[in-house]
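**Student:**
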Amino acid sequence: MQPATATAVPQLTEEHPNLTVEDAYAIQALSMERRYGRGERRVGIKMGLTSRAKMQQVGVSEAVWGRLTSAMRLAEGGDLIRGRYIHPRAEPEIAYIMGKELAGEVSPAEALAAVEAVAPAVEIIDSRFRNFKFTLPDVVADNSSSSGFILGAWAKPDTDMSNTGIVMEVDGRPVQIGSSAAILGNPIRSLVAAARAVALAGERLEPGDIVFGGEATAAHPLTPGEYVRAWFQDLGSVCFSVVE
Ligand code: OOG
Ligand code: MG
């Protein structure tokens, strides 16, 4: 999560080695309450570590989730100000917007029926922990590293998203290539997992909520001067520039 001072802190588990994942979700919920108190609105949720490439990149083997707020949204085609972050990374992701409520145990077909539209998207992750290093409870307490998001144009969810090709380019050069099939075999399973996760926290996905499914490749560390564009087969692209 983007700290006001953009300063890294030691991992929570260094001082509290017995911190559980359950404790960590309680910490996440409390820190989100603070943000809502400062005027930010919850606009949806993000799933993370839903692909093997990501699990390997960070050395954690369980899917996680976090909350997206209104303050995290960056304009499509706009600038990301590097100095506001600690060590930001970009992840191309498929985003869903809900047309109906969804919570609890649902099938992939029920999850898809609750989707209003899908969009190409990029999530900006920026771990609050030094060197982007964390254990599972650390990352969960840190809102699963979520720090920003950029949405492209919404499309009807009738396109088959089970094996969508994804290319992330920097200055026209591909830096990550993947397929949405890497997300739990089919990204709709991420929405199924999201419905279960929010219900366990006593929340639900409401119409208008945005859900980020998690990324299919490893994340790209951002440097000022870069122009980043993520392409998604059948969905188009989403872009932004990194400035000092
Ligand atoms: C944890 C968040 C992972 C994803 O899409 O897999 C995530 C991290 O890598 O810092 O957002
Ligand atoms: Mg992500």
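Under numbering that gives the first Met the number 0, think of the first position of the sequence shown as 0, with each following residue one higher. Backbone N, C-alpha and C define an ideal beta-carbon position, used for all residues, glycine too. Quick caveat, the model's predicted, so the values are computed rather than measured.
1. Are there any heavy atoms of ligand 2 lying less than 8 Å away from the beta-carbon of Lys245, as far as the coordinates show?
2. For Ala140, report the span of its alpha helix (DSSP H) as first-last.
3. Using the beta-carbon count (16 or more within 10 Å), is Ser69 buried or exposed?
4. I'd like to confirm the pairing. Which residues does DSSP put opposite Leu204 in its beta bridges?
5. Following the continuous alpha helix (DSSP H) through Met244, name the residue where it begins and the one where it ends.
6. For Ala218, is the beta carbon positioned less than 8 Å from some heavy atom of ligand 1?
7. State the beta-bridge partners of Trp153 as determined by DSSP.
8. Could you give the DSSP three-state label for Lys132: helix, strand or coil?
9. Output the boundary residues of the beta strand (DSSP E) element that contains Met256.
10. Taking buried to mean at least 16 other C-beta atoms within 10 Å of its own C-beta, is Tyr95 buried or exposed?
11. According to DSSP, which residues form a beta bridge with Gly47?
12. Is it the case that the CB of Ser178 approaches a heavy atom of ligand 2 more closely than 8 Å?
13. Between Ser178 and Ala215, is the Cβ-Cβ spacing less than 9 Å?
14. Rounded to whole angstroms, what's the CA-CA distance from Trp230 to Ile44? Just pull it up for me.
15. Start and end of the beta strand (DSSP E) containing Leu79?
16. Quick one: give me the first and last residue of the beta strand (DSSP E) that Ser189 is part of.
**Tutor:** By the coordinates alone:
1. The first residue shown for the chain is 0 and the last is 243, placing residue 245 beyond what the model contains.
2. Counting along the chain, the alpha helix (DSSP H) containing Ala140 begins and ends at Leu135 to Ala140.
3. Label assigned to Ser69: exposed.
4. Its beta-bridge partners are Leu101.
5. Missing from the structure shown is residue 244; the chain here goes from 0 to 243 and no further.
6. Within the cutoff, so yes.
7. Per DSSP, Trp153 has no beta bridge partner at all.
8. Residue state, collapsed to three classes: coil.
9. What is shown of the chain runs 0 to 243, which leaves residue 256 out entirely.
10. Result: buried.
11. Beta-bridge partners assigned by DSSP to Gly47: Val63.
12. No, since every heavy atom of ligand 2 falls outside the 8 Å radius drawn around the Cβ of Ser178.
13. Yes, these two residues count as a Cβ contact at 9 Å.
14. CA-CA distance, Trp230 to Ile44, rounds to 22 Å.
15. Start and end: Asp78 to Ile80.
16. For Ser189, there is no enclosing beta strand (DSSP E); the residue is found in the alpha helix (DSSP H) stretching over Ile187 to Leu199.
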